[in-house]
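Peer 1: This is the structure I want to talk about, given as structure tokens.
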Amino acid sequence: MNIPNKITVSRICLIPVFMIVILFDFGWGTMELFGAEMPINHFVGAIIFILASITDWVDGYYARKYNLVTNMGKFLDPLADKLLVSAAFILLVELGLAPAWIVILIISREFAVTGLRLILAGQGEVVAANQLGKIKTWAQIVAISALFLHNTIFALMGIPFDDIALYVALFFTVWSGWDYFYLNRRVLLDSK
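My numbering numbers the first residue of the sequence shown as 118 and each following residue consecutively.
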């Protein structure tokens, strides 16, 4: 297992840590940060989530720079993203910070694309994430971070950035899902 793949695996390992910090009350209390009041565990969880998300850029950069792109990495990297983002969105619903219908659409897209990836893998094709998929991932990361940070900074200006970011993430999630299926429609059409 090369270094980029180890970084990807570390992202997966951070998911339970992130979940424990968010879900369990450690008695840390609350804090105010740039106009937003939030439980300290949400702040710490957001930092863990952001650090885990940054590893997505680090492993990809390292793999491309040193020519360490592998089929395992092409499979593990988007899987790690989906696991991290899905866990975060489910936690946001649990905490009442995101509407369930948006999270259901986002996670449904992730399952559908993963299913299509499995079909392609069964035919010997491993498809790396395209640019639209990467924009979708970063839009989701920004939205999740803003929601866990209770709209920090933007709360001072009265701008619901966290909600806007969530709808932008939903838009790119649906668009990139449609694009992924459209580009690989031959697989579905050939399976009649």
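Yeah, the Cβ is synthetic: ideal placement off N, Cα and C, and Gly gets one too.
Mark residue 274 as exposed unless 16 or more other C-beta atoms lie within 10 angstroms of its C-beta, in which case mark it buried.
Peer 2: Residue 274 is exposed by the Cβ-count criterion.
Peer 1: Keeping to the same chain, check which residues put their C-beta closer than 6 Å to that of residue 186; ignore five residues upstream and five downstream.
Peer 2: Hits under 6 Å: 180.
Peer 1: Hey, out of 277, 199 and 129, whose CA is closest to residue 255's CA?
Peer 2: Of 277, 199 and 129, the residue nearest in Cα terms is 199.
Peer 1: Check whether the Cβ of residue 135 lies closer than 9 Å to any Cβ atom in chain E.
Peer 2: The question asks about chain E, but that chain is absent: this structure has only one protein chain.
Peer 1: What's the C-alpha gap between residue 217 and residue 196?
Peer 2: One C-alpha to the other measures close to 22 Å.
Peer 1: Out of curiosity, what's the CA-to-CA distance linking residue 150 and residue 159?
Peer 2: In a straight line, the C-alpha of residue 150 is about 12 Å away from that of residue 159.
Peer 1: On the three-state DSSP scale, how would you describe residue 187?
Peer 2: In the structure shown, residue 187 sits in coil (DSSP, three-state: anything other than H, G, I, E or B).
Peer 1: Using C-beta distances below 6 Å, list every residue in its chain close to residue 167, excluding the 5 sequence neighbours before and after it, in chain order.
Peer 2: Result list for residue 167: 262, in chain order.
Peer 1: Going by the beta-carbon positions, is the gap between residue 202 and residue 248 smaller than 9 Å?
Peer 2: No, these two residues do not count as a Cβ contact at 9 Å.
Peer 1: From the DSSP output, which residues share a beta bridge with residue 277?
Peer 2: According to DSSP, which records beta bridges pairwise, residue 277 is partnered with nothing at all.
Peer 1: Quick one: measure Cβ to Cβ for residue 157 and residue 148, integer angstroms, because I've assumed they're closer than 8 Å.
Peer 2: With 8 Å as the limit, residue 157 and residue 148 qualify as a contact, their Cβ atoms being about 5 Å apart.
Peer 1: Can you check DSSP and say which residues form a bridge with residue 153?
Peer 2: According to DSSP, which records beta bridges pairwise, residue 153 is partnered with 150.
Peer 1: With DSSP as the reference, label residue 307 as helix, strand or coil.
Peer 2: Of the three classes helix, strand and coil, the one that applies to residue 307 here is coil, per DSSP.
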